[in-house]
Each structure stands twice: as structure tokens, then as C-alpha cells.
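S.K.:
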Amino acid sequence: TSSASVDDAVCYLVEPEEAVLHASLVSSVNSTMLFEAVLAGVPALSACYIDFVRIWESVGIPKASHRAELFDRAAALLEGRLDRCSEEGLEWASRQFSIGRFDGRASKRIAELLATIGDQGSPIELRSDPLKRILDDGEDNGVDVIAIASPENDAHRYLLPMLRARTRVYGGRGMKDIVKMGAADVFVQWGITPTHGKVRMEEVRVALGRPKLIVEDGFVRSIDIGLSGEPGLSLILDDTTAYYDATRPSRLERLLQSERDPSETERERARALMARIVRERISKYNHTPREAPNLDLPTGHKVLLVDQRRGDQSIESGLANASSFDEMLRFALRERPDSTIVVKRHPDAISGGKQSSFDERTLREAAQGGRIRAIYDSVNPYAILDQVDEVFVVTSGMGFEALMAGKPVRCFGAPFYAGWGLTEDAIAISRRTRRRTLEDVFHFAYIESSRYFDPRSQRVCELEAVLDYIV
-4 TSSASVDDAV CYLVEPEEAV LHASLVSSVN STMLFEAVLA GVPALSACYI DFVRIWESVG
56 IPKASHRAEL FDRAAALLEG RLDRCSEEGL EWASRQFSIG RFDGRASKRI AELLATIGDQ
116 GSPIELRSDP LKRILDDGED NGVDVIAIAS PENDAHRYLL PMLRARTRVY GGRGMKDIVK
176 MGAADVFVQW GITPTHGKVR MEEVRVALGR PKLIVEDGFV RSIDIGLSGE PGLSLILDDT
236 TAYYDATRPS RLERLLQSER DPSETERERA RALMARIVRE RISKYNHTPR EAPNLDLPTG
296 HKVLLVDQRR GDQSIESGLA NASSFDEMLR FALRERPDST IVVKRHPDAI SGGKQSSFDE
356 RTLREAAQGG RIRAIYDSVN PYAILDQVDE VFVVTSGMGF EALMAGKPVR CFGAPFYAGW
416 GLTEDAIAIS RRTRRRTLED VFHFAYIESS RYFDPRSQRV CELEAVLDYI V
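All letters in the sequence shown, in the order written, are residues -4 to 466 by my numbering.
(1) Select from T236, R195, L380, V33 the residue whose C-alpha is nearest the C-alpha of A88.
(2) Can you tell me whether Y371 is buried or exposed, with buried defined as 16 or more other CB within 10 angstroms of its CB?
(3) Is it a yes or a no for the region 280 to 300 touching the region 327 to 335, going by three-plus beta-carbon pairs under 8 Å?
(4) Spell out a yes or no on whether the region 412 to 427 and the region 358 to 377 are touching, meaning 3 or more CB-CB pairs, one atom from each, closer than 8 Å.
(5) Would the beta-carbon of S229 fall within 8 Å of that of T236?
(6) Could you check the C-alpha separation between R192 and L398 for me, to the nearest Å?
(7) What residues match up with R163 in a beta bridge as DSSP calls it?
(8) Based on the DSSP output, what are the partners of R405 in its beta bridges?
(9) What are the start and end residues of the alpha helix (DSSP H) that includes L250?
(10) Pop quiz: G185 and S123 are said to be a contact at Cβ under 8 Å. What is the actual Cβ separation, rounded to whole angstroms?
(11) By the DSSP assignment, the beta strand (DSSP E) with Y447 in it spans what residues?
(12) Checking the sheet assignment: what are the DSSP bridge partners for Y377?
(13) Just the Cα atoms here: how many angstroms apart are F395 and S258?
(14) Relative to the alpha-carbon of G224, which residue among D212, Q453, S351 has its alpha-carbon at the smallest distance?
(15) Contact check, F353 vs V338 under 8 Å by CB: the rounded distance?
(16) Should H17 go down as buried or exposed, given a rule of 16 or more other Cβ atoms within 10 Å for buried?
(17) Could you check the C-alpha separation between L72 and E52 for me, to the nearest Å?
(18) Looking at A150: is its Cβ nearer than 8 Å to the Cβ of G221?
(19) Measure the alpha-carbon distance for P206 versus A440 and round it to whole angstroms.
(20) What does the Cβ neighbour count give for F47, buried or exposed, with the cut at 16 atoms within 10 Å?
(21) Would you report the Cα separation of A270 and I277, rounded to the nearest angstrom?
(22) In or out: F448 buried (at least 16 other Cβ within 10 Å) or exposed?
(23) Might you give, ordered along the chain, the residues of its own chain that have their beta carbon closer than 8 Å to the beta carbon of S41, omitting 5 neighbours on each side?
(24) Based on the DSSP secondary-structure assignment, which residues constitute the bridge partners of W185?
(25) Does the count of Cβ pairs from the region 193 to 200 and the region 155 to 169 closer than 8 Å reach three?
(26) Reducing DSSP to helix, strand and coil, say where Y412 ends up.
(27) Keeping to the same chain, check which residues put their C-beta closer than 7 Å to that of S351; ignore five residues upstream and five downstream.
(28) Give the straight-line distance between the Cα atoms of S393 and R264, rounded to the nearest whole angstrom.
(29) Please classify A63: does DSSP put it in a helix, a strand, or coil?
(30) Look at V210 and L232 and say whether their C-beta atoms are less than 8 Å apart.
(31) Is V24 helix, strand or coil by DSSP?
(32) Which residue or residues does DSSP assign as beta-bridge partners of S41?
(33) So the candidates are R359, I465, S81; which of them puts its Cα closest to the Cα of N281?
(34) Once the 5 residues before and after T(-4) are set aside, which same chain residues still bring their CB inside 7 Å of it?
(35) Determine whether the beta carbon atoms of F407 and V389 lie at a separation below 8 Å.
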């Protein structure tokens, strides 16, 4: 035909394995035989005539984007001048498509398992619930497929490894894709802010009877702010609702309210991590200079008021609203008459194009008395905490950072760390009756409920490794 030609080839109809065995090089656009060639020790070359996401790119299989590159790279592979794949790529594939190794014994393992099942005297240990496998965080845990209504993007680049999941399917189209979502072990929902995609995916989840996992950015997220698109390095997981939701008990709240106590070893680790976080001035976002800014604050008592992004779901879910910020400001002016009031604007309101929760007019009017200093520059939270004596928040996570820095904190909403005896609370939560230490809350929030990823090793890691990377 005019669109294809055969160059004096002799065609043999043989099994794929046999074809690979006798080939000097295997080339395809994105066929599985590329990877089969790698396993067989035969050079493989992906011929990408258009740009698209290639699954085998993660293995490190070379690609050619045009005719000249195809011939050059084929020659380099045949002459041994170009690596056939990468060690990291093979390690990724062994986790993605096997049990951690390619040893050719899969058929034998299946036969042995079936024989064990057939032996009535041998008990069979059933695999645990998929949600439990993710939350338990064991080395052998994890799931094959998750469904999520959020599209793939750079910000969620490390979502799958942090959940120990192999692949994801898009759930935002709802019932239109119910067949595709039928493969999902767990339905993953990013946050609790309602969207059309989440509602449609929830309909499918209920119809299929699958478990749901709520995920949010972790407490040490990244270097740049989330709105920049930089991949998140941490997640906090919950099987009920978002960790900041005070309208009902989250998994984190249940852990803190339970009779469980961290061991002394776990408490020592929490103390060491908190000390390092404060010392190294590590926060959720870490794009700002760690040096203390010249705030030109007067001497005397200073109270810090922490802003949040307007519309932040944690405000409403933390039993507060937009007026809570004005109430916090009025309380500070009334109850701290001799104090300087320092207002820290939220990073997203400074450089992310979002709005502040403080009413600008109210702030300007209050500032006329000379007692209010607003910080509009992006400043490291700990650099400010060093210069104030007391911290007021609505539901901001900076309140917990202030506790770690040894500052007294008053909450005008109900964040996850309120109600345990660590803060002065404007809102009482009758469910939270246990008294907890700072180490307890840190352990359950930053360690037990969170997952971390090290972009250097491309592996799931502990919090310590993420701190090393950020520093």
C-alpha cells in the first residue's frame, strides 16, 4: 500500500516470547513487548511519532521521536553505547507489575497456592480490607487500583506511591465510567469541599460498595506553595472525613480520643522531630527566607493573629466562619489593650492570587490607632513566632507550629489540635475529653496519620527524610 512497506522481510508466525528471543532489537510505539524485551535482555526502543504519556518511560526504555533519532538510537543500542533501561526503572516495574522481583516463578507460586487451598488441613489467611492495607502502612500493604475525581497533575505526582497504589482511574465522570471504576479497590477523595466530580464519583462508590479514603496535603507539604503546582511531599489520610473537620469525629480525632498512648520511644521521636522542625524553621510551605525579618515592632507584649485563605474549607469545617476573623481582631484589641497586634497574611493571599479572610476595611480602620502591624511579605512562620509572645488563630495549622515553638495559643475555631488541653479555646467540643501532650498530638498527626515521599530517592519515606530534603 502507499502507507506501509516490507523491506524484503521474511515473516515467521511464532509466539511473542520466541520472537523476542531471536530478535536483535525490539521496536514499537508503546507495546508490552518493549518491556518483555528488557526482561529477556534484548535492546528495546520506543518509536514515539507523537507525544503522549508512555508507561514504559518509567522503566527507562529509550525513545526516538523522529526518523533520524530512530536510526541513531537503534545503532547505539545494538553497539552497546546506550543503556537499555535503568536500575531504578526496573525496580519501579518490579513493584508495579510483580511482587517486588522478576524471578520467573509466578506460575509455580500460583500452583503452590492452589495446592495449599486444596489441602483442607491448611488454613488460608485472607487478605485484609484494602482501606486497612493503606492505613496500616506496612511494607507489603497497598492496593492495585484507586479511583479519584481529581485529574492527574504535577501537584499530585507522588500520590500513588504515598498510597502504595499501582495505578489510578479517573472518577469524575461518574456512572459513565462505572465499568472502568469497577477495578478500583478504594475510592480516594481529595478533601471534603464539594465538587461535581466528587458527587458523581460518590454515586459510583456507593453503587459498588467500595471504601473511601479522604486525603489532604500533609503538614510539611513542599518547598513552594501548593498553588504553584509543585508536587506535594506528604499526605494525611482519613477514612471518615478531613482531619480538620470538627463537625464529626475524624480518624485523627478518634485516635486522640482513644485510650492508646504513644510509647516512650515514639514520644522521644516526636520531641526530637518537633525540636528540629522549630530549629530548622520548617513549615507546610518552605519557600520563604528563614532569617528573621525586620518587622520594626515596638517593645512590649505582642500578639500574632494568623490569616487564612478566604473560603478555606477548614474554616467552616472548624466550626468558624468569615466573621470569626473580625471577632478575633476585636478580642485582641479589647482584651490585650497594651499589646501590639501583628497580623500575618496567608501565603496564598500574598503570592497565590487568593483573598484574605480578614476584611481589609476593618483592618485599615483598626490600624489607625497605631497598634496593628500587618505583614504583607512572605515570611517564614517561625521567624515571626520568634518575635511575638502570644498567638491567636481561627483554624490555621500555624497554631500548632506556635505550640511547638512554645507560644500560648488561643483558637477562635476548632482546629485538630484544639480541645485536648493544649490551647485556650473559644469553642468547646464535647467529644474531645482526653487530655493530650504536644508529643501525643504530633505523633498521631504528623507520623501515624501521614505519609511522606522523598523526591531524591523516588521512594516513600519517613518524615525525617523529607526534612533532610527541604533543609
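Virtual Cβ for every residue (Gly too), placed ideally from N, Cα, C. Note that the structure is predicted; figures quoted are calculated from it, not measured.
M.R.: Working from what's here:
(1) For the purposes of this step, residue 88 is identified with residue 93 of the sequence shown, where counting begins at 1. Selected option, being the one with the closest Cα: V33.
(2) Within the sequence shown, residue 371 is the residue found at index 376, counting from 1. Y371 should be labelled exposed.
(3) Touching, yes.
(4) The region 412 to 427, when compared against the region 358 to 377, does not touch it at the 8 Å Cβ threshold.
(5) The residue labelled residue 229 in the question sits at position 234 within the sequence shown. The residue labelled residue 236 in the question sits at position 241 within the sequence shown. No, these two residues do not count as a Cβ contact at 8 Å.
(6) The count along the sequence shown starts at 1 and reaches residue 192 at position 197. The count along the sequence shown starts at 1 and reaches residue 398 at position 403. Checking the sequence, you will find Gly at residue 192 rather than Arg. Those two C-alpha atoms are separated by around 37 Å.
(7) As a working mapping, residue 163 is identified with position 168 in the sequence shown. Answer by DSSP bridge pairing, in chain order: I141.
(8) On the sequence shown, position 410 is the one that residue 405 refers to. Residue pairing from DSSP places R405 in a beta bridge opposite F387, E419.
(9) Reading the sequence shown from its first residue, position 255 is the one you call residue 250. Where L250 is concerned, the enclosing alpha helix (DSSP H) stretches over 246 to 252.
(10) As a working note, residue 185 is residue 190 in the sequence shown. As a working note, residue 123 is residue 128 in the sequence shown. Checking the sequence, you will find Trp at residue 185 rather than Gly. S123 and W185 do not touch by the CB rule: their CB atoms are close to 24 Å apart, not below 8 Å.
(11) On the sequence shown, residue 447 is found 452 positions in, with the first residue counted as 1. Looking at the DSSP string, the run of the beta strand (DSSP E) that includes Y447 is 445 to 449.
(12) Looking up residue 377 in the sequence shown gives position 382. Its beta-bridge partners do not exist; DSSP assigns none.
(13) For the purposes of this step, residue 395 is taken as the residue at position 400 of the sequence shown. For the purposes of this step, residue 258 is taken as the residue at position 263 of the sequence shown. The C-alpha of S258 is placed about 21 Å away from the C-alpha of F395.
(14) Indexing the sequence shown from 1 puts residue 224 at position 229. Residue D212 is the option with its Cα nearest to G224.
(15) As a working note, residue 353 is residue 358 in the sequence shown. As a working note, residue 338 is residue 343 in the sequence shown. About 7 Å; that satisfies the 8 Å criterion.
(16) Residue numbering aside, residue 17 sits at position 22 when the sequence shown is read from its first letter. H17 counts as exposed, since fewer than 16 other C-beta atoms from the protein chains shown sit within 10 angstroms of its C-beta.
(17) In the sequence shown, the residue the question calls residue 72 occupies position 77. In the sequence shown, the residue the question calls residue 52 occupies position 57. Just so you know, the alpha carbons of L72 and E52 end up roughly 16 Å apart.
(18) As a first step, residue 150 must be located in the sequence shown, where it is residue number 155. As a first step, residue 221 must be located in the sequence shown, where it is residue number 226. Yes, they are a contact pair.
(19) Position 211 of the sequence shown, counted from the start, is the residue given in the question as residue 206. Position 445 of the sequence shown, counted from the start, is the residue given in the question as residue 440. Distance from the CA atom of P206 to the CA atom of A440, rounded to whole angstroms, is 22 Å.
(20) Counting from one through the sequence shown, the residue named residue 47 turns up at place 52. So F47 ends up on the exposed side.
(21) Position 275 of the sequence shown holds residue 270. Position 282 of the sequence shown holds residue 277. Cα to Cα, the separation comes out at about 10 Å.
(22) The count along the sequence shown starts at 1 and reaches residue 448 at position 453. Classified as buried, F448 has 16 or more neighbouring CB atoms from the shown chains inside 10 Å of its CB.
(23) Residue numbering aside, residue 41 sits at position 46 when the sequence shown is read from its first letter. Hits under 8 Å: S22, S23, V24, N25, L29, R49, W51, E52, I56, P57, K58, A59.
(24) In the sequence shown, the residue the question calls residue 185 occupies position 190. According to DSSP, which records beta bridges pairwise, W185 is partnered with V210.
(25) The answer is yes - the region 155 to 169 touches the region 193 to 200, with three or more Cβ pairs under 8 Å.
(26) Along the sequence shown, one-based indexing puts residue 412 at 417. Secondary structure of Y412 (DSSP, three-state): coil.
(27) What you label residue 351 is simply residue 356 of the sequence shown in a count that begins at 1. D302, R305, R340, H341, A344.
(28) As a working note, residue 393 is residue 398 in the sequence shown. As a working note, residue 264 is residue 269 in the sequence shown. A quick correction: the sequence has Met, not Ser, at residue 393. Cα to Cα, the separation comes out at about 21 Å.
(29) Numbered from its first residue, the sequence shown carries residue 63 at position 68. DSSP places A63 in helix when its eight states are reduced to three.
(30) Within the sequence shown, numbered from 1, the residue matching residue 210 stands at position 215. Within the sequence shown, numbered from 1, the residue matching residue 232 stands at position 237. Going by C-beta atoms, V210 is nearer than 8 Å to L232.
(31) Translated into positions along the sequence shown, residue 24 becomes position 29. When DSSP states are grouped into helix, strand and coil, V24 belongs to the coil group.
(32) One-based indexing of the sequence shown puts residue 41 at position 46. Bridge partners of S41: S23, K58.
(33) Here the question's residue 281 lines up with position 286 in the sequence shown. For the residues R359, I465, S81, the minimum Cα distance to N281 belongs to I465.
(34) Position 1 of the sequence shown holds residue -4. Bear in mind that the predicted position of T(-4) carries a pLDDT of just 46, short of 50, making it unreliable; the figure below should be weighed with that in mind. Listed in chain order, the non-local C-beta contacts of T(-4) below 7 Å within the same chain number zero, local neighbours out to five positions each way being set aside.
(35) Indexing the sequence shown from 1 puts residue 407 at position 412. Indexing the sequence shown from 1 puts residue 389 at position 394. Judged by their CB atoms, F407 and V389 are nearer to each other than the 8 Å cut-off.
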